[in-house]
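Taking this note's numbering, the leading residue of the sequence shown gets 1, the next gets one more, and so forth.
Below is one structure, written out as structure tokens, with a few remarks after it.
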Amino acid sequence: MRFIFSLPLNSVLNQTPTIAKLLAAQITLKVPSFLRMAGKQAHTGLNLSKYDFIGFDLDNTLCTYNLKNLFTNHYNYLSSYLNRTSYNLPTELNPDLVDFISRGLIIDVEAMNLLKVLADGEIVRACHGTKVLSTEDIVQKYGKKKKWKPLDEVIASNFLNWKTKTEMYSFMDFTDASVTAVYALAVDSGFPSQKVWFDVIEGLKTMYSDEDWLKNLLNNHKLFMNETSKKVINWIKELKKTKKIALITSNYSELVPQIASACLGSDWKKLFDVIIYDAKKPGFFSRTVPFFDLEGKETTFSFSGCYSGGCMRTIQETLAKELNREPLCLYFGDSPYHDFMFTEIDYIAIIEELKAEGLFPGNHPSAEFLSSTVWGPYLYEGEKPTLFGKFALNSKFCAPDLDFFADLPINIEFVSQLRGVSPQSLPRNSPQ
């Protein structure tokens, strides 16, 4: 599968502004009809100039990481942790383990199986540890329909009961994607399922609470973090001239400045009208929660300064009072669960796999860590979207990075090129 530009981007960018404006409406990315279904947000095209408010996620959206170095760091820490207990995992990643890494897999904790699942719950690929299971193996374990009842219940609830399901888990973001390989190797060790799961999760908790580990990442940010391109920074500055721009992150106020400074530069705060820490996504997008100042006192929201907590509805209500109309709001994010599933405003999905898998032009520097022959494409399998892929496919637009947008005029018209399975209307009491 390939996206084909109806006009080469370079042919637009090299034209005079007048000609570029005339060509803008024709820019689209085309995909096969099976991915162009009636989507939640796909009724109209995308034009960034029409929005009154644009919010950005920090990690893996505004600030991207050297995933090769990051995943290797995660693997080395966790394998060493497990080997200090009772395991004998390889101390370094090898090509086969790199190929095994994939985010968005579902883990059947009791059976110790890793599952690639479609949006309707069908299991299309599976491994027991690192052993690939055949279709017959999957049918024998999960039935002719290749579905798992606990997961069907999660899908039926629109993921509202996701965090209560202790029998399953998913390493769905880049913060823990490499753990798929660690977990599979731990399963291969032959220990009971509950011990394996407990040990892997304890290792992950230990890593993220290890101050020395975190200091190493921050002190060596050039090794682990990418500098955001000047064109993206200038693009945000241009957006800020005509709309409210916000940084909305679930990361903490103590940590964000170090990450943002490394990626966006020392003047990073000037890029935003408002900065919101500890947003507690996904609940931020669907619940009514008060804003707090950085001392922890409840406060009234306005489009200036820094806040903690809060919710998208308050932002919309505040902006509506300023505009005397309903505002148009948009969010750029990368996480299916935290940024897409419960978002009631328009959103753009930043999916790095799109470039790594060759669906967008250009090369991804960590492509071998994002494309897997074991698990196949991240967003789809055959002619159907995956469980988490459908939420990216439901976006207003889907791209591998912000540079894609920064290369084009702000008022360009995009035709929604990815349209996925539209979820049912989500209840407002979504998870924290």
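The beta carbon of each residue, even a glycine, is placed where N, CA and C say it ideally should be.
Among A399, T175 and S250, which has the Cα closest to the Cα of Y208? T175
Status (buried if at least 16 other CB within 10 Å, exposed otherwise) for L223: exposed
Quick one: using the 10 Å Cβ neighbour count with 16 as the cut-off for buried, is R125 buried or exposed? buried
Determine contact between the segment 178-187 and the segment 140-155, defined as no fewer than three beta-carbon pairs at a distance below 8 Å. With a cut-off of 8 Å on Cβ pairs, the segment 178-187 is not in contact with the segment 140-155, counting fewer than three such pairs.
What residues are listed by DSSP as bridge partners for L118? T386
For Y307, which residues from the same chain have a beta carbon less than 8 Å from its beta carbon, with the 5 sequence-adjacent residues on both sides left out? Same-chain partners within the cutoff: V274, I275, I276, Y277, F291, F292, D293, L294, T299 and F301.
Could you work out which residue in F53, V117 and N47 is closest to L323 when comparing CA atoms only? Of the candidates F53, V117 and N47, the one whose C-alpha sits nearest the C-alpha of L323 is F53.
So, helix, strand or coil for L330, using DSSP? strand
Euclidean distance between Cα positions of A279 and L370: 27 Å
Considering only C-alpha positions, which residue in the set K131, V139 and L93 is nearest to S439? Summary: the structure shown does not reach residue 439, with the chain confined to residues 1 through 432, and so no result is reported for it.
Is D199 near T288, with beta carbons less than 8 Å apart? no
Compare the C-alpha of F71 against each of L271, L97, L82 and N88 and name the closest. L97
Which residue marks the beginning of the beta strand (DSSP E) containing L185, and which one marks its end? No beta strand (DSSP E) holds L185; the alpha helix (DSSP H) holding it covers V179 to D188.
Can you give me the C-alpha to C-alpha distance between F303 and D346, rounded to a whole angstrom? 20 Å
Could you check if V356 is buried or exposed, using at least 16 other CB atoms within 10 Å of its CB as the buried criterion? The amino acid at residue 356 is misidentified as Val; the sequence shows Ala. The residue is buried, with at least 16 neighbouring Cβ atoms inside 10 Å.
Limits of the alpha helix (DSSP H) - the one that L78 falls within: L67 to N83
Just to confirm the assignment, what range does the beta strand (DSSP E) spanning K244 have? K244 to I248
Where A42 and T91 are concerned, what is the direct C-alpha to C-alpha distance, given to the nearest angstrom? The pLDDT assigned to A42 is 44, lower than 50, so where the model puts this residue is not dependable; a value taken from the coordinates is nonetheless given after this. Those two C-alpha atoms are separated by around 46 Å.
Within 8 Å, strictly: CB atoms of L105 and F171: yes
As assigned by DSSP and simplified to three states, the class of R287: coil
Where does N113 fall in DSSP's three states? The answer is strand: DSSP assigns N113 an E or B state.
Simplified DSSP state of T91, which is helix, strand or coil: The answer is coil: DSSP assigns T91 none of H, G, I, E or B.
8 Å contact criterion, which S366 and S102 should meet: CB distance rounded: So it is not a contact: roughly 13 Å between Cβ atoms.
With a threshold of 16 other CB atoms inside 10 Å of the CB of Y337, please say whether the residue is buried or exposed. buried
Which class does L239 belong to by DSSP, given the choice of helix, strand or coil? helix
Pair within 8 Å by beta-carbon distance, D401 and T64: yes
Please list the terminal residues of the continuous beta strand (DSSP E) segment that includes G203. It is not in any beta strand (DSSP E) - G203 instead sits in the alpha helix (DSSP H) that spans S193 to Y208.
Kindly list the residues whose CB is nearer than 8 Å to the CB of K231, restricted to its own chain and excluding five residues on each side of it in sequence; keep chain order. D403, A406 and D407
As assigned by DSSP and simplified to three states, the class of Y347: strand
Count the C-beta pairs between the segment 112-128 and the segment 138-146 that are closer than 8 Å, then say yes if the count reaches three, no if not. yes
Please report how far the alpha carbon of W197 lies from the alpha carbon of N411, in whole angstroms. Distance between the alpha carbons of W197 and N411: 49 Å.
Which residues share a DSSP beta bridge with E381? K384
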